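Q:
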Amino acid sequence: AQTVTQSQPEMSVQEAETVTLSCTYDTSENNYYLFWYKQPPSRQMILVIRQEAYKQQNATENRFSVNFQKAAKSFSLKISDSQLGDTAMYFCASRGYTGTASKLTFGTGTRLQVTL
Amino acid sequence: EPEVTQTPSHQVTQMGQEVILRCVPISNHLYFYWYRQILGQKVEFLVSFYNNEISEKSEIFDDQFSVERPDGSNFTLKIRSTKLEDSAMYFCASSDRGAGNTIYFGEGSWLTVV
C-alpha cells in the first residue's frame, strides 16, 4: 500500500520568486515512481515532473525541479521564477512498480497562489 | 502532442439515471484508468483496465460501476442508478506501459447528479 501526504493546504508566492511544495510518501515497494501534477482552475490534470526512485539525480523540467530524499521518503517540488500561470492546485503522487497497471496514489494537494 | 479526450465535458443527470462517460485514450497506450475527484477533495483511483479486463479496482468501484472497451479506440465508464454523491469530476487516463510509466489524464467529465 502507498500513502502520500502533503502538509501544506495552501501557499502563496510573489511573481518571480521561488517556492517549495512539500510531499512525503510511504511505500512498501522497492521500485516506484513519483510525480507532481498541476491542476489549474480548468481542472485538467497536467504532469509537471516525474522522478524514478532508483535514480539518485533529482529531476528537472525548466523552472521545476524536485528534491528527492529517498531515505526520508520526501519529494518536494521547487518552482523557480514563479509565474502567474503557475497558480493551480499541485498534487504529489506515487506509483508502484509491481503489477501490470499499478495505480497512482495522490496526496490531498497544495493550492498555490502566485501574486503580483 | 497526443492526448486523452473525454466526452462529455459536463453532464447533468437526475438521480437514478444511468450515465456513460466516454474516453479516447492515446492511440498506442495499452493501460486505461478512471479516477474520480469530488469537489474539494483529492483524486481517487477507481479502476484500471488492461488486455480487455479489469486489472485492479478500488472499493469505490462497486456493482454500480462498469467499464468497457467496445472498440479499438473508446473506453467507457458506466454509472448505473446515479446517486447525489456520484457528483464529481471523472478523469480518464492512459499509459503506454504499466509499472512506473507516466499516466496521462484527459480533461475530465464533470458529472452533476440532481
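Protein chains in written order, with the working numbering: chain A, 4 to 119; chain B, 383 to 496. Think of the CB as a built atom: it goes at the ideal place given N, C-alpha and C, for glycine as much as any other residue. From a predicted model like this one, the values you see are computed outputs, not experimental measurements.
Judging by CA-CA distance, which residue of A/G88, A/Y57 and A/Y28 is the nearest neighbour of A/N34?
A: The residue you call residue 34 of chain A lines up with position 31 of the first sequence. Distances from the alpha-carbon of A/N34 to those of A/G88, A/Y57 and A/Y28 put A/Y57 closest.
Q: Does DSSP classify B/E385 as helix, strand or coil?
A: By 1-based counting over the second sequence, the position of residue 385 of chain B is 3. In the structure shown, B/E385 sits in coil (DSSP, three-state: anything other than H, G, I, E or B).
Q: What are the residues in the region 458-475 of chain B lying within 9 Å of chain A by C-beta distance?
A: Under the 9 Å Cβ criterion, the region 458-475 of chain B contributes M471, F473 and A475.
Q: In the DSSP assignment, find the unbroken beta strand (DSSP E) run with B/H392 in it and report its ends.
A: For the purposes of this step, residue 392 of chain B is identified with residue 10 of the second sequence, where counting begins at 1. H392 to T395 is the span of the beta strand (DSSP E), which, as asked, contains B/H392.
Q: Identify the continuous beta strand (DSSP E) that holds A/R98 and give its terminal residues.
A: Stepping through the first sequence from its first residue, residue 98 of chain A is reached at position 95. It spans A91 to G99 - the beta strand (DSSP E) in which A/R98 sits, taken as one unbroken run.
Q: Identify the continuous beta strand (DSSP E) that holds A/Q121 and give its terminal residues.
A: Missing from the structure shown is residue 121 of chain A; chain A here goes from 4 to 119 and no further.
Q: Please determine, among B/L466, B/D445, B/A470 and B/S430, the residue with the shortest C-alpha to C-alpha distance to B/R451.
A: If you number the second sequence from 1, residue 451 of chain B lands on position 69. The shortest Cα separation from B/R451 among B/L466, B/D445, B/A470 and B/S430 belongs to B/S430.
Q: Give, in chain order, every residue of the region 424-437 of chain B whose Cβ lies closer than 7 Å to some Cβ of chain A.
A: K424, V425, F427, S430, Y432 and S437
Q: Cβ atoms of A/W39 and A/V51: under 7 Å apart, would you say?
A: Position 48 of the first sequence, counting from 1, holds the residue named residue 51 of chain A. Position 36 of the first sequence, counting from 1, holds the residue named residue 39 of chain A. Contact flag set, yes.
Q: Run through the DSSP bridge pairs and tell me what A/Q54 is partnered with.
A: Here residue 54 of chain A is taken as the residue at index 51 of the first sequence, counted from 1. Looking at the DSSP assignment, A/Q54 forms a beta bridge with A/L37.
Q: Report the rounded CA-to-CA distance for A/L115 versus A/M92, giving the unit in angstroms.
A: Counted from its first residue, the first sequence places residue 115 of chain A at position 112. Counted from its first residue, the first sequence places residue 92 of chain A at position 89. Answer to the nearest angstrom: the Cα atoms are 6 Å apart.
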